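Chain order of the listed sequences is A and B. Quick note: the first sequence uses the numbering used here, first residue 2, plus one each step. Quick note: the second sequence uses the numbering used here, first residue -19, plus one each step. The beta carbon of each residue, even a glycine, is placed where N, CA and C say it ideally should be. If you're wondering where the values come from, they're calculated on a predicted model, not measured in any experiment.
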Amino acid sequence: MLLKDLSPLASPLSEPQLKALQQATAELSPAQAAWVSGYLYGVSQNTDVAVQPAAAPASKLTILYASQTGNAKGVAEELLDSAQQQGISAELFNVADYKPKNLKQETHLLIVSSTNGEGEPPDDALAFHEFLASKKAPKLPNLKYSVLALGDSSYEFFCQTGKDFDERLAALGAECVVPRVDCDVDYDDDAAAWGKSALAKVQETLEQASASVVTLPVAGASSHNFSKKNPLEAELGLSQKITGRDSAKDVRHVEIDLGDSGLTYQPGDALGVWFDNDPALVAQILQRLELDAASEVSVGEETLSLEQALITKLELTQTPGNFVEFWAELSDSKKLQKICADKDALREYAANHQVIDVLLEKKAKLDPQQLVDALRKLSPRLYSIASSQSEVDSEVHLTVGVVRYQQGEQGRLGGASGFLAERAEDAANVRVFVEHNDNFRLPADPITPVIMIGPGTGIAPFRAFMQERDAQDAEGDNWLFFGDQTFTQDFLYQVEWQGYLKSGLLTRLDLAFSRDQAEKIYVQDRLREQGEELFAWLERGAHLYICGDANRMAKDVHQALLEIIAEYGKQSVEQAEEYLKSLRTAKRYQKDVY
Amino acid sequence: MSANKLIVEGKLADNERLKSESNFLRGTIEQDLQDRITGGFTADNFQLIRFHGMYQQDDRDIRAERAKQKLEPLHNVMLRARMPGGIITPKQWLAIDKFADDKTMYGSIRLTTRQTFQFHGVLKPNIKLMHQTLNSIGIDSIATAGDVNRNVLCTSNPVESELHQEAYEWAKKISEHLLPKTRAYAEIWLDGEKLEGGDEEPILGSTYLPRKFKTTVVIPPQNDVDVHANDLNFVAIADNGKLVGFNVLVGGGLAMTHGDTSTYPRRADDFGFIPLEHTLAVAEAVVTTQRDWGNRVNRKNAKTKYTLDRVGIDTFKREVERRAEVAFEVSRPYEFTERGDRIGWVEGIDGKHHLTVFIENGRLLDYPGKPLKTGIAEIAKIHKGDFRMTANQNLVIAGVSKAQKAKIQALAEQHGLIDPSHSEQRVNSMACVAFPTCPLAMAEAERYLPGLVTEVEGLLAKHDLAAEENIILRVTGCPNGCGRAMLAEAGLVGKGPGKYNLYLGGNRAGTRVPKMFRENIGEQQILAELDELIGLWAKQREAGEAFGDYVIRAGIVKEVKVSVRDFYD
Chain A
2 MLLKDLSPLA SPLSEPQLKA LQQATAELSP AQAAWVSGYL YGVSQNTDVA VQPAAAPASK
62 LTILYASQTG NAKGVAEELL DSAQQQGISA ELFNVADYKP KNLKQETHLL IVSSTNGEGE
122 PPDDALAFHE FLASKKAPKL PNLKYSVLAL GDSSYEFFCQ TGKDFDERLA ALGAECVVPR
182 VDCDVDYDDD AAAWGKSALA KVQETLEQAS ASVVTLPVAG ASSHNFSKKN PLEAELGLSQ
242 KITGRDSAKD VRHVEIDLGD SGLTYQPGDA LGVWFDNDPA LVAQILQRLE LDAASEVSVG
302 EETLSLEQAL ITKLELTQTP GNFVEFWAEL SDSKKLQKIC ADKDALREYA ANHQVIDVLL
362 EKKAKLDPQQ LVDALRKLSP RLYSIASSQS EVDSEVHLTV GVVRYQQGEQ GRLGGASGFL
422 AERAEDAANV RVFVEHNDNF RLPADPITPV IMIGPGTGIA PFRAFMQERD AQDAEGDNWL
482 FFGDQTFTQD FLYQVEWQGY LKSGLLTRLD LAFSRDQAEK IYVQDRLREQ GEELFAWLER
542 GAHLYICGDA NRMAKDVHQA LLEIIAEYGK QSVEQAEEYL KSLRTAKRYQ KDVY
Chain B
-19 MSANKLIVEG KLADNERLKS ESNFLRGTIE QDLQDRITGG FTADNFQLIR FHGMYQQDDR
41 DIRAERAKQK LEPLHNVMLR ARMPGGIITP KQWLAIDKFA DDKTMYGSIR LTTRQTFQFH
101 GVLKPNIKLM HQTLNSIGID SIATAGDVNR NVLCTSNPVE SELHQEAYEW AKKISEHLLP
161 KTRAYAEIWL DGEKLEGGDE EPILGSTYLP RKFKTTVVIP PQNDVDVHAN DLNFVAIADN
221 GKLVGFNVLV GGGLAMTHGD TSTYPRRADD FGFIPLEHTL AVAEAVVTTQ RDWGNRVNRK
281 NAKTKYTLDR VGIDTFKREV ERRAEVAFEV SRPYEFTERG DRIGWVEGID GKHHLTVFIE
341 NGRLLDYPGK PLKTGIAEIA KIHKGDFRMT ANQNLVIAGV SKAQKAKIQA LAEQHGLIDP
401 SHSEQRVNSM ACVAFPTCPL AMAEAERYLP GLVTEVEGLL AKHDLAAEEN IILRVTGCPN
461 GCGRAMLAEA GLVGKGPGKY NLYLGGNRAG TRVPKMFREN IGEQQILAEL DELIGLWAKQ
521 REAGEAFGDY VIRAGIVKEV KVSVRDFYD
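Rendered as structure tokens:
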């Protein structure tokens, strides 16, 4: 049966839904239609899919205020009062608490904004202001708006922020229904007059708009057969350090735009990232070995210059043990030979030295192809994805700890992390693919409570989880354990967690900062402190997730869990082991450790 | 007089709600201390900690950077100690010196215009430790901020030692008498026992004062405390070197709001003389009258100065007389002649020696080649007298015996505490803290002042003024006025980054409010204006005429005689 023949009586869809579906599918090619059918089947089978149909846009007025001293807030609150008295359904937000991506869904928007001294936005409005000016800002053809600007005419950039908002919204296609009013220090009368006419306009058009249309997301022509071998060339949007300036660590929040590639992922998945080695490092290696950059070499089937091979094909930042052995023999380095004689020493050495460090131990001669053959092929790095597509659409976010250390006099950078932190923004493109991980998934039932343990960059998938649960309006409780070195410098995504606590999405957050006090405190210590409550959560069906360091953290956490279950479940250690095992079998205990 | 005029009716300011709901200043501060998610205080507690002597601040230099890092602002608190008259012992000094080193982000001790010290940059986990450290050496920070009577100032006059001692004792007594009586401070910070109910505030009332309240005891002819910046002043009247009573000045205050002409800096009015025995009763009566009549609807008009202008000076005065059961006598004659500190050594009438060291901006820190903070600590290790913080942000090393004088002189020199290169202009210049810590700052003050003074020194020299000539120059980062620019000969009040209003026409003694000369001008224009004004002053001044007097005589600005009438005229 064709959709256009369907009547609402014969389908479970409401009339507007049906209309939307008909509209959305009218122009599809047979291949697209086939994809959509598969997509919808997926939707019907799995509540976890990343892309959910958008809800009908609420017919309401949104009021945003950007206040520095409280004046704009006061005006906005009065505006809300008046709106409600006139029977207009309205919501009021401090612009700092408003998600700019929701702008797309708005139909009616009133902004009350003050301006700081030299024309810059109030602190609370910095992010929103930046968003509107950025290329991320969506087109807003359905938006009706007006702006009230508060300022002080003795300043050169009088009411600048209000003007900026007005201009940007207009540029994005929104319709200004009442001209902006710029108010001086004595703003009361002007503000009241503006509010009156703005609300009148809103009331008039809000009623007309209430019969709005449901929009179904229609994915672009999709050929998402991207893979490790066939990665997507994606645009790097942002590589922002998110540890404070006094942190011992450099952790980056990375945003990559998948564009209309159709590449999709789910919370819990990882992103594979291919990278180029640092050309400066390659130059150093060539110089050390006195080899010509242009020498032709073969890597597998391919023939290319030695320099290109070293940049794009070969592993330079992780050193296999057999390369150390190769160099020990070739260079006749007594030091390296001694290390190679002891397996543990070799493993330790290889883990802490890059190829250049090995070459610097002692000089030796070799030809270009010999070098290529001795090195391992470059492999991509996997990062747990830190975003949910229901929040970020075509973007994918990563939380990348930059490997950066001193080797004697020289600074060393990690391969992929160094690329993402230092060089990718120039390169602009990153080759990526999605590595699905069905062993790290949110519970199917949104009511199921969730306990997340993710110190350091282990926080990443839990940011994705929370975005997903937020989008689902999932009612289950969420409990996060996070730890790092210091509260002031290393609290990754601090303001986001604060926001989730405020909104109630995040039920509990326990923190362990190891260096903030004389004794070291880690997440496992916080787990023990909360043992009784934690066991109660498990008993009521909570799913438990661990992400992060496999060597120590995951083991210490596992041990703490055993003790908690034994103590509060009044069980022997063996029984506690069994308890955890059964959780694992039931997919209620999942790990993403590395 | 109708009752309506005495009490402003209307919807009370939100601060009134938070005070009344605070359970005598407790709020939920204790819960916030347990909250590991934020380094700040939440909701009402953000305001309530002020009554306990702290302000929540953050490093504003890196606020935008941290927002990008998805980190909250680097919240911390500033603590202002309660030190009536600014006297601190060497033992106390060494303890605060160590705390500043170990537990503050900036590692400094800041002497302030409230004649006390401030710690800047204390993170939440260290706040209780800070109060307990102070408590262990007999210092608290009760009521040094918030809607209460704040730290009581007393002229730093080490020479007339006996008179100063008497005045200082009164400053302490007044401070104690007007202090909040709630046990909240001890409970929250010192783990004091929690008792059910029973808190009472017989003087301040359960909703405390409508706004901040500032008190001084001043010994003429010095006006180092700047009486006209204060709500209540006791002017010491001596007879043959013995204190006999006070003239009482009420209703000074410098705070205003840019663009709001219902706010203005205002001089205090002289209510008359009282003998010593009525001091506490009068202090209490002024406070309770302001408590009951002060504007609790509009905080911008809530200070005593506005109450006086609203109800009438006589009405207010009569009410004080009624409440204190005393009649003000005719004011005894006195004169203020100067406000600066006497930098260097003086000998007191008791034969002790006193060294006043100039501390630029009051910031004690170890600077390259000038380890000021270490210097004071080294002196504290051997000093047998006490230290006196001045209202000009300087420090007096007081009560030095003849035997120790040379040793202390040597230590002060070694650590850059005595610096003959400091000009009179520098010594007579002052700034509040402002950036990066003060959340109210609109423009730089402390970090702007040293360079500005250097420029002004150049201008004085350019116009051939003698080395001792100077202009009382003050910079304050916002119109609340901690830097007391509104009693300067040339005052700059911050408006925005790099932008100030320039006020002219205060006098040397601090008894005249200056008037706005230029609005919202940048640093280049400030210097250009000062260049021209100093040039005119140098050419046209009468013998010994001060800059502030000259600009009024020459008609460059009109004199502000009665603020409510003249300030915006």
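Mind pulling the chain B residues with CB within less than 8 Å of residue i?
{"i": "Y494/A", "result": "K50"}
{"i": "V186/A", "result": "H238, G239 and D240"}
{"i": "A387/A", "result": "Going along chain B, no residue has its Cβ under 8 Å from A387/A, so there is no contact; the nearest lies around 11 Å."}
Of all the CB atoms in chain A, is at least one closer than 9 Å to the CB of residue i?
{"i": "T18/B", "result": "yes"}
{"i": "K(-1)/B", "result": "no"}
{"i": "N(-5)/B", "result": "no"}
{"i": "N500/B", "result": "yes"}
{"i": "K495/B", "result": "no"}
{"i": "K479/B", "result": "yes"}
{"i": "T417/B", "result": "no"}
In whole angstroms, give me the CA-to-CA distance for residue i and residue j.
{"i": "D474/A", "j": "N117/A", "result": "36 Å"}
{"i": "V574/A", "j": "L584/A", "result": "15 Å"}
{"i": "G163/A", "j": "E435/B", "result": "38 Å"}
{"i": "G174/A", "j": "K(-9)/B", "result": "42 Å"}
{"i": "H354/A", "j": "K592/A", "result": "29 Å"}
{"i": "D240/B", "j": "V186/A", "result": "8 Å"}
{"i": "R589/A", "j": "K229/A", "result": "29 Å"}
{"i": "H208/B", "j": "F253/B", "result": "17 Å"}
{"i": "K242/A", "j": "A429/A", "result": "17 Å"}
{"i": "Q572/A", "j": "E540/A", "result": "14 Å"}
{"i": "G396/B", "j": "E340/B", "result": "12 Å"}
{"i": "L28/B", "j": "F21/B", "result": "9 Å"}
{"i": "F193/B", "j": "Q495/A", "result": "38 Å"}
{"i": "L200/A", "j": "L149/A", "result": "12 Å"}
Which bits of chain A does residue i rub up against, with CB to CB less than 8 Å?
{"i": "E45/B", "result": "R246"}
{"i": "A(-8)/B", "result": "Going by the sequence as given, residue -8/B is Leu instead of Ala. Here the premise fails: no neighbours, minimum Cβ distance about 15 Å."}
My understanding is that residue i touches residue j, with C-beta atoms under 8 Å, so please give their C-beta distance in whole angstroms.
{"i": "L65/A", "j": "T108/A", "result": "Contact flag wrong, Cβ pair sits at about 14 Å."}
{"i": "F536/A", "j": "L512/A", "result": "The Cβ separation is near 20 Å, so there is no contact."}
{"i": "V376/B", "j": "I388/B", "result": "Contact doesn't hold; Cβ gap of about 12 Å is too wide."}
{"i": "N450/B", "j": "E404/B", "result": "4 Å"}
Interface residues of chain A around residue i at Cβ under 7 Å?
{"i": "I42/B", "result": "R246"}
{"i": "P313/B", "result": "Within chain A, no residue comes near P313/B; the closest Cβ sits about 43 Å away, beyond 7 Å."}
{"i": "P105/B", "result": "D517"}
{"i": "L54/B", "result": "T489"}
Compare the C-beta of residue i with all C-beta atoms of chain B and state if any pair is closer than 9 Å.
{"i": "H254/A", "result": "yes"}
{"i": "K250/A", "result": "no"}
{"i": "D1/A", "result": "Lying before the first or after the last residue shown, residue 1/A is absent from chain A, which here runs from 2 to 595."}
{"i": "W480/A", "result": "no"}
{"i": "A461/A", "result": "no"}
{"i": "I448/A", "result": "no"}
{"i": "L127/A", "result": "yes"}
{"i": "D427/A", "result": "no"}
{"i": "D279/A", "result": "no"}
{"i": "E497/A", "result": "yes"}
{"i": "D190/A", "result": "no"}
{"i": "D153/A", "result": "yes"}
Mind pulling the chain B residues with CB within less than 7 Å of residue i?
{"i": "L510/A", "result": "I17"}
{"i": "D124/A", "result": "R43"}
Since residue i meets chain B, which of its residues come closer than 9 Å, beta carbon to beta carbon?
{"i": "I612/A", "result": "Limits of chain A in this structure are 2 at one end and 595 at the other, which puts residue 612/A out of reach."}
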